[in-house]
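Participant:
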Amino acid sequence: MSAPPNEFYSEERWQNWLDRITDEDLDPEDEDSARLLLNLQDDAAIAVAKVVSAHDDGEIDADTAMDEIEEIREIVLSEVEFDDEEKELLVDDVQTSLVCVFYAAEEYVANGATDDAEIEQYVRAAADAEAEEDIDAALGYLVQAGTMIIDGEELDFSIAEDLEYGLVSTWVNGLDSLQSAMSDPEVVEEEDEA
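Numbers given in the numbering used here equal positions in the sequence shown, counted from 1, plus 107.
#1: Tell me whether Asp-137 is buried or exposed, calling it buried when 16 or more other Cβ atoms sit within 10 Å of its Cβ.
#2: Rounded to whole angstroms, how far is the Cβ of Val-201 from the Cβ of Ile-176, which I believe are closer than 8 Å?
#3: Consider the C-beta atom of Val-159 and the heavy atoms of the ligand FAD; say whether any pair is separated by less than 8 Å.
#4: Tell me the rounded alpha-carbon separation between Val-155 and Val-198.
#5: Asp-190: which of Leu-133, Leu-274 and Val-279 sits nearest, CA to CA?
#6: State buried or exposed for Tyr-272, treating a residue as buried only when at least 16 other CB atoms are found within 10 Å of its CB.
#7: Within the same chain, show all residues whose beta-carbon is closer than 6 Å to that of Arg-127, passing over the 5 residues directly before and after it, in chain order.
#8: Could you check the C-alpha separation between Gly-219 and Ala-212 for me, to the nearest Å?
#9: In whole angstroms, give me the CA-to-CA distance for Ala-245 and Glu-227.
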């Protein structure tokens, strides 16, 4: 059952994730830490996927969908502060990866999915644009790829292995969460406190 409008995501939900990160000793090399960060990212992507699906199913109109996506973006991209600088950097990485997800969802609601090229071509074009230091173009290409993912196209994420570490690889990581969310939009359960 889909969430009624205004219940796709909440500040409280985001804060619960941040509280868990505050309580954990995060080590990006540790599997549990990596899973926590991925769950944080996937949870936000799932909320976006649910908004887009609600729009596709006619449950909400385009204006409402745009408002919901903007609300989720404002919650998730708000500045976070931890006593631990490394935690701030790790959460910032998650936030950066989701930027492309939000733009792709907005583009999809406004204009639908693109079909001008193959999805992998957009990713390669984004990597080329980043190499030329044209970050806006790089983001634009990945937003188009994101609209295709929302529309049901599959991106083979092994392509990410060839990417240099940078904004494009981080945004592609976000698209991976979006693809998972579109195929299985189940809420990532916050583990019960022991």
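We put the CB at the ideal spot given by N, CA and C, even for glycine.
Facilitator: Result, derived from the coordinates:
#1: exposed
#2: 17 Å between Cβ atoms; not a contact.
#3: In the structure shown, the ligand FAD is absent, as is every other ligand, since no ligand is present at all.
#4: 18 Å
#5: Leu-133
#6: exposed
#7: none
#8: 9 Å
#9: 13 Å
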